[in-house]
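For the numbering used here, add 9 to where a residue sits in the sequence shown, where the first one is 1.
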Amino acid sequence: MIKNLKMRFKILTLSLTAFILILTVAAVGYMDMTNSNQELSSLYDNNLLPVQYLNDNRNQARAIEADIYAIILNVGNKSIQDEKLQDIQKRSKTFDDNFNNYKKVDLDKFETDLIPVLEENLKKYRQGRDETINLALEGKQSEALNKFNSVQTYLNEFQKHLKELADYNIKVAEDTEVHNVENAKSVTKLYIIQIIISLIVGIVMSRAVSNSIVKPLVLIKDFANRLKNSDFSTPIVMSRKDELGEIGTALNEAQNQMSMVIGEIQISVNNLSSESEELSATVEEMTAKLEEINFATEEIASGALETSAGAEEVAASTEEVDASIQELSSQALEGSNKAEGIKEKATLVKKETNDAFEKIQRIQLEKEEKIKNALKKAEVVENIKIMQMPFLVLQAKPIYLH
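Set out below in structure tokens:
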């Protein structure tokens, strides 16, 4: 799935995953800190301060008890009694403030059940205490002491209740501390597990995104190296729909186009080679034909020479005939006895002349046949016909014997 995502979505997915992991770790840490802060605040407000209030009230009660004994012992000493009386009033107010603050905290059932009992004993104790002070101020020391001793039970009871409440809050604080320690350990384990999971998820996501980018880049690099080595046979195999997949598809199409071009070039080269071979064969054939034409031309030339020789022989015979005729004409006067000899000689010359013309015609016919065969191959029959004209004229010319 990752390999089909576009590059920006891959980077966005990786960044979003890292952000979610960081946010999760931060959220767990924040909740843990908030919970710890709440527990510490609860420990301070609901346990430590109540213990302080209760223990201070125990001290205030003991101090008030001491002031009462001082008032009883200093009967007749107005200044000391007034001083102790003011101190009792001050400490009583502090006691009440502490106790009211204590009742404002988050109390559980044990405390709410015990507080009314404590307040009842405190009320009875204060009634007896006030009566004791009045008796002491009146100078009735013995009666005041007896009265105060009679309320000691209430004093001891509410003191005991104060101690019970203080001890109970101390125990709750200790339990809260143990719970906080255990919770801290659990949160620490959870925090460590979450960090490990975040690291694993981050590594897996980073590896997946990295592989989805690096692997196709390696394939493209190998493809480029194959192209560098003129290897167009192996395409890039990538079944992905991201930008790298589109690049691979484009490169494959380019390779196919290049292969087609190279194939066409190869076909053209093969055709050119075949045509070159045909051209070479044609040239060889033309060379052979030209050689035949040259041979035929040489034969024609040879025939022409023979014809020329024959013509010269005829001309010589003609000249000889003319000479003979002239000689006969010049010697005609010599006598009729030579006429018969001249006639025979003329007949012989005529025969030789006819034989020469027959030989010329035979040679001419043979040469014409050879010339026609040569000219058919070279398609130059018209030139041979032009060459025949002198012979035709010569053949058509009559020969006269004088």
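The beta carbon of each residue, even a glycine, is placed where N, CA and C say it ideally should be. Note that the structure is a prediction, hence the values are computed from the model and not measured.
Return the first residue and the last residue of the alpha helix (DSSP H) that residue i is part of.
i           : result
residue 94  : 87-113
residue 147 : From DSSP, residue 147 is part of no alpha helix (DSSP H); its letter is neither H nor E.
residue 245 : Element bounds for residue 245: n/a, residue is neither H nor E.
residue 9   : This structure leaves residue 9 out entirely; the chain is present only between 10 and 411.
residue 63  : 58-82
So, is residue i buried or exposed, given that buried needs 16 or more other C-beta atoms within 10 angstroms?
i           : result
residue 257 : buried
residue 120 : buried
residue 198 : exposed
residue 122 : exposed
residue 250 : exposed
residue 28  : exposed
residue 134 : buried
residue 247 : buried
residue 278 : exposed
residue 126 : exposed
residue 385 : exposed
residue 66  : buried
residue 69  : buried
residue 264 : buried
residue 159 : exposed
residue 30  : buried
residue 144 : buried
residue 7   : Nothing in the structure corresponds to residue 7, since the chain is present only between 10 and 411.
residue 156 : buried
residue 164 : buried
residue 341 : Here the model assigns residue 341 a pLDDT of 45, short of 50, so the residue's position is not dependable and the matter cannot be decided.
residue 323 : Confidence in residue 323 is poor, its pLDDT being 42 and thus under 50, which makes the residue's placement unreliable; the coordinate value appears in the next sentence. With 16 or more other Cβ atoms within 10 Å, it is buried.
Going by beta carbon distance, what residues of the same chain come within less than 6 Å of residue i, once the five residues before and after it are set aside?
i           : result
residue 64  : 175
residue 154 : 81
residue 73  : 97, 100
residue 19  : 218
residue 22  : none
residue 196 : 41
residue 225 : 247, 253
residue 140 : 156
residue 185 : 52
Rounded to the nearest angstrom, how far is the Cβ of residue i from that of residue j, given a contact under 8 Å?
i           : j           : result
residue 56  : residue 189 : Actually they do not touch by this definition, with Cβ atoms about 12 Å apart.
residue 89  : residue 138 : With a Cβ gap of about 18 Å, residue 89 and residue 138 do not count as contacting.
residue 220 : residue 245 : 16 Å between Cβ atoms; not a contact.
residue 182 : residue 58  : With 8 Å as the limit, residue 182 and residue 58 do not qualify as a contact, their Cβ atoms being about 10 Å apart.
residue 268 : residue 241 : 5 Å
Could you name the residues of the same chain whose beta carbon sits closer than 7 Å to that of residue i, not counting the 5 residues immediately before and after it, in chain order?
i           : result
residue 270 : none
residue 148 : 84, 85
residue 150 : 81, 84
residue 71  : none
residue 215 : 23
residue 274 : none
residue 235 : 243
Using C-beta distances below 8 Å, list every residue in its chain close to residue i, excluding the 5 sequence neighbours before and after it, in chain order.
i           : result
residue 142 : 77, 80, 94, 97, 153
residue 203 : 33, 34, 37
residue 54  : 114, 115
residue 200 : 34, 37, 38, 41
residue 26  : 210, 211, 214
residue 60  : 175, 178, 179, 182
Below 8 Å, can you find three or more Cβ-Cβ pairs linking the region 206-215 to the region 94-112? Verdict: no, contact absent.
The region 40-48 / the region 106-117 touching (three or more Cβ pairs under 8 Å): no
Evaluate contact between the region 257-272 and the region 225-233, counting only Cβ atoms and requiring at least three cross-stretch pairs below 8 Å. Segments in contact, yes.
Can at least three beta-carbon pairs, one atom from the region 154-173 and one from the region 128-145, be found at a separation below 8 Å? In this structure the region 154-173 lies against the region 128-145, because at least three pairs of beta carbons, one per stretch, are closer than 8 Å.
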